[in-house]
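Sequence lines, in order, name chains D and E.
Sequential numbering of the first sequence, starting at 1048, is according to this note's numbering.
Sequential numbering of the second sequence, starting at 80, is according to this note's numbering.
Even glycine gets a Cβ: it sits at the ideal position worked out from N, Cα and C.
Here is the structure we will look at, set down as C-alpha cells.
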Amino acid sequence: MNVIVCIKQVPAKIKIEIDPKTSALASGGVDRAINPPDLYALEEGIRIKEKTKGKVTVLTVGPAKADESLKEAIGYGADDAVLLSDPAFEGSDTWATSLVLAKAIRKIGQFDLVLCGKQSIDGETGQVGPMLGEALGVPFVSLVNRIDELGQESIKMMRMSDEGHQLIEMTLPGVITVVKEINVPRIPSLRGLMAAKKAAITVWNARELGIDPATVGMAGSPTRVSRVFFPQRASQGEMLQGDPESQVEQLVERLRQTRAI
Amino acid sequence: MTSDGSGDIWVVTEQRDGRTKAPSIALIGKARKLAGERQSRLTAVCLSQVVEDAAQLAAYGADRVYLLDGPVPDDWNDDAYVKELVDLARREKPDVILATSGSLSSSVIPRMAVALDTGVSPNCISLDFDHQSRMLVQTRPAFGGSLMANVVFPNRRPQIATVRPHAFKKGDPDPSRQGEMIRVDFDRQAVSAKTKLLNVVKDLSGKVRLDEAEVVVCGGRGLGKAENFQMVAELAEVLGAALGTSRPPVDDGWVPYAHQVGQTGKIVSPRLYIACGVAGAPQHLAGMQTSEIIVAINEDPRAPIFEVATYGMVGDLFKIVPLLTKKLREARG
Ligand SMILES: Cc1cc2nc3c(=O)[nH]c(=O)nc-3n(C[C@H](O)[C@H](O)[C@H](O)COP(=O)(O)OP(=O)(O)OC[C@H]3O[C@@H](n4cnc5c(N)ncnc54)[C@H](O)[C@@H]3O)c2cc1C
C-alpha cells in the first residue's frame, strides 16, 4: 500500500515575535520541529506500511531548511521524502498549500491513502487536509481516531463526532486527518537515525510540479493576512486572598457581577 | 466570482434533533448587524428540512431560510452537504459565507471552499466590514492564541469564515420579523457514494459538549487519580458546564481523549473556564487562553496558569472545589 503523509515544520516553541517593519512573523533563529499533531499521521502511515509491506512518502511545503523535518520523518521510518520548495510558494495560504501538495501527489502518481495531522500548532487552521482531499478529487474523512479495517479498495475507520464516534467506510484512494488518540508514536530507532543522516531529500520546485507561480504564494492565495498583532488582555488578573471559604465567596461574587454565572 | 460588495451573506447553521444550536443563532445575530451595515440580504442555510425552529432564524435576523436536502436529517453525510452547498453557492453567488467552527469546519466548509475556488479563514473571533474596500476583515487567533491576525480576501469570492462558538453574544429576537422559507430538494443519487456511514456511537450525547459549552470546568493532573474527577464533574454539573482535562489524565486513561483541551486536543473559547490542578503548560494554554474569564485553582503560586487567569486562587483544590460546588448549589436553591 502506498501511503503519503503530509507534515509541516513549525517553531518548536510557541514564542513569537513580530518584525515591526514588515509586520511579518520573525522566525529567524527559532528551533523548528515536525508539527506535533502530524507525528500521529506519520506513525499511522508507518504502521500501515509495516502491515501491508508498502511504502511511506512524506511531503512538506516549506523553505530549504524544512528538509530537516523530512529527515526526522525518515528517522521514524518513512521511506521517501520530498520537499516542495520554491520562492513562489512563500506566503501561500491553506488553499495554495493544498494545491501544491495535490500537484506533488499527482506527480507521484500511485497512492492509496494520504494522512494529515488534525491541524498545525502555528497557523491552527485544520484546513489543509480537507482542502487537499477536494483538490485531488478523492474522498475525505476528518478526525479519525482508529482504523478498523484496511482493504485494497476501502478503509473502515472511527472518527470523532460531536455526539461521540462514527464508523465510516471510505473507498481508496482517499485523504484522512487523524487525532492523537489514534496511536502512540514510536521513538526513532538507532537504525532510523542513521538512515535519516544519510537520506537524500528530493526537492521539487514550481516548474517541476507544473505550477504557474501566479496561482500560489502570496499572489495566488485567496486569503491574505493584512495585519498581525498581540491580543490585549482585557484586564490584569486578580489573586483572591484569604482562606478557601473567603476565596470562594469572592469568586462567586465576581462571577455574578460579570454575569458569567 | 467577483462582487461589488453588496452581495448576500449566508450563515450555514447547525441543528441537533431539529433545533438550531446556540452558536449558530448567535452567528445569525452578528451577521444581521453586518448585513445591515451594507444593505445585504441575510440567508440562513440549514442542511436539513426538519428544522423546528426555522422561524426563530428569521426572528434573529435571517431574510431567507434555505432548507436543503431531503426530509430525513443525517448523522453524517459530508459528501452530500458539500455538493448541496457548492451547487447552491454556484447558482446564487453569495459574497460572504459564515459558519461556526467545529464539526463543519473540519471537512464540509474547506471542501466547499476549494470547489468554489476560494479560501477559508477558520476559527475567527471577530468580523467587521472595512468600509473603504468593502471587504470582510476576519480576525483569528494563531499560535495558541498568543497572536491575532486580520485576514482578508483581496479578490476571491465568496469570502468564507468560520467563527468560534461564543465569539458573539446572542442577539434579541424580533418575533415580528418574517423570513422567506425556501425548500431545496436535493438529488442524493447524484452524490457518488465514496464514503458511507456504517454506525453511530453516541457516547457523548446528553453531555455538554466541550466545543460548544459556555462554561468549561477543567481538571488536571493535580486531581491525582481518576476517581477524583467526580469532584470536578459535580462542579461542572451545577454550572451546566462541559468537562475538560489536560493531557496527562488522558494519557493515563482517567478521562477519554474527547475531553482533552490544548494543542493536541480541542481548542475552546468559552465565556468561563475554571482550571483545577492545571499547571498551565504552553500546550494547554494554546487550547483555552482566548476564554473570556479564566479561573485558576492551584496550590503552587508560581504555576503559569496564573499568568492568564482573570481570577487566581492559590490553595488546595480538594478544599476549594467542593466549597465552590456547595456554594453554587445553595445559590441555585
Ligand atoms: C507535543 C506536545 C503536545 C501537548 N499537548 C497537550 C495538550 O493538548 N493539552 C495539554 O493539556 N497538555 C499537552 N501537553 C502536555 C503539557 O506540556 C503538560 O505536560 C500538561 O499540560 C500538564 O498537565 P497538568 O497541568 O494537568 O499537569 P502537571 O503539570 O502535573 O500540573 C499539575 C498541577 O496541579 C497542581 N496541583 C497538584 N495538586 C494540587 C492540589 N491538591 N490542589 C491544587 N493544585 C494542585 C500542581 O501545582 C500543578 O501545577 C503536550 C505536550 C507536548 C510535548
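### Beta carbon shell of ligand 1 at less than 5 Å from a heavy atom
The set of residues with a C-beta under 5 Å from any non-hydrogen atom of ligand 1 comprises D:PRO1083, E:GLY299, E:ARG300, E:GLY301, E:SER325, E:ARG326, E:PRO327, E:GLY341, E:GLN342, E:THR343, E:GLY344, E:GLY356, E:VAL357, E:ALA358, E:ALA360, E:GLN362, E:HIS363, E:ASN377, E:GLU378, E:ASP379, E:ALA382, E:ASP395 and E:LEU396, given in chain order.
**Item:** Alpha carbon of E:GLN118 to alpha carbon of D:ALA1253, nearest angstrom
**Value:** 43 Å
Going straight from the alpha carbon of E:THR369 to that of E:PRO328, what length do you get? 22 Å
- Could you give the uninterrupted runs of the alpha helix (DSSP H) lying entirely in the segment 145 to 183 of chain E, keeping only those of 4 residues or more? 157 to 171
**Study point:** chain D contacts made by the segment 154 to 175 of chain E, where a contact means CB separation under 9 Å
**Key:** The segment 154 to 175 of chain E vs chain D, Cβ under 9 Å: ASP154, TRP155, ASP157, ASP158 and VAL161.
Of all the options E:PHE308, E:GLN257, E:SER185 and E:ALA178, which has the alpha carbon lying nearest to the alpha carbon of E:ALA138? E:GLN257
CB D:VAL1108 to CB D:LEU1148, shorter than 9 Å?
-> A contact, by the Cβ cut-off of 9 Å.
Which term fits D:ARG1303, buried or exposed, when burial requires 16 or more other beta carbons within 10 angstroms of its beta carbon?
Here D:ARG1303 is exposed, its C-beta having fewer than 16 other C-beta atoms within 10 Å.
Compile a chain-ordered list of the residues in the segment 360 to 372 of chain E whose CB is closer than 7 Å to at least one CB of chain D.
-> Per Cβ criterion, the list reads PRO361, ALA365 and ILE372.
Give a yes or no on whether the C-beta atoms belonging to E:ASP148 and E:THR122 are separated by under 9 Å. no
Original post:
By Cβ distance below 7 Å, which residues in the same chain neighbour D:ALA1261 in space, the five residues on each side in sequence not counted?
Top reply: Sequence-distant partners of D:ALA1261 (beyond 5 residues in either direction) whose C-beta falls short of 7 Å from its own C-beta, in its chain, are GLY1267.
DSSP on D:ARG1206, reduced to helix/strand/coil? strand
Original post:
Can you give the Cα-Cα distance for D:VAL1299 and E:PRO380, rounded to whole angstroms?
Top reply: 21 Å
Practice item. Rank E:VAL400, E:LEU402 and E:CYS297 by C-alpha distance to the C-alpha of E:GLY366 and give the top, closest one. Key: E:CYS297
Task: Nearest-angstrom beta carbon gap, D:GLY1176 and D:VAL1129 [assumed within contact, 8 Å] - done: About 18 Å; that fails the 8 Å criterion.
### Task
Just grab the DSSP bridge partners of E:GLN211 for me.
DSSP, once it has assigned bridges, lists no residue as partnering E:GLN211.
For D:VAL1263, count neighbouring Cβ atoms within 10 angstroms of its own Cβ and tell me buried if that reaches 16, exposed if not. buried
- Tell me where the beta strand (DSSP E) around E:PHE308 begins and ends. No beta strand (DSSP E) contains E:PHE308, which is instead part of the alpha helix (DSSP H) from 308 to 318.
- prompt: Within 9 Å (strictly less), CB to CB, does D:GLN1317 reach chain E?
  reply: No answer is possible for residue 1317 of chain D: it lies beyond the span of chain D, which begins at 1048 and ends at 1308.
| message | Can you tell me whether D:HIS1212 is helix, strand or coil according to DSSP? | response | strand
My output table needs one value for E:ALA382: the three-state DSSP class, helix, strand or coil.
coil
What did DSSP end up calling D:LYS1245 once you bin it into helix, strand or coil? The DSSP-derived three-state label of D:LYS1245 is helix.
Practice task
Residues of the segment 225 to 258 of chain E with a CB closer than 7 Å to any CB of chain D: list them in chain order, please.
Solution key: SER225, LEU226, MET227, ALA228, ASN229, VAL230, VAL231, PHE232, PRO233 and ARG235
D:ARG1306 versus D:LYS1154: straight-line alpha-carbon distance, rounded
57 Å
* Asked: Around the C-beta of D:PHE1158, are 16 or more other C-beta atoms found within 10 angstroms, so that it is buried, or is it exposed?
  -> Result: buried.
- Message: In this structure, how does DSSP classify E:SER127 when only helix, strand and coil are distinguished?
- Response: coil
Identify the continuous alpha helix (DSSP H) that holds D:ASP1085 and give its terminal residues. 1083 to 1099
**Asked** For the candidate residues D:LYS1118, D:GLY1124, D:GLY1211 and D:SER1116, whose alpha-carbon lies nearest to that of D:LYS1100?
**Response** D:GLY1124
Below 9 Å between beta carbons: does that hold for E:VAL199 and E:ALA240?
yes
inquiry  = Which of the three DSSP states is assigned to E:TYR139 in this structure?
reply    = coil
Members of the segment 1134 to 1160 of chain D near chain E, C-beta cut-off 8 Å: Along the segment 1134 to 1160 of chain D, going in chain order, the ones with a CB nearer than 8 Å to a CB of chain E are ASP1140, THR1141, TRP1142 and SER1145.
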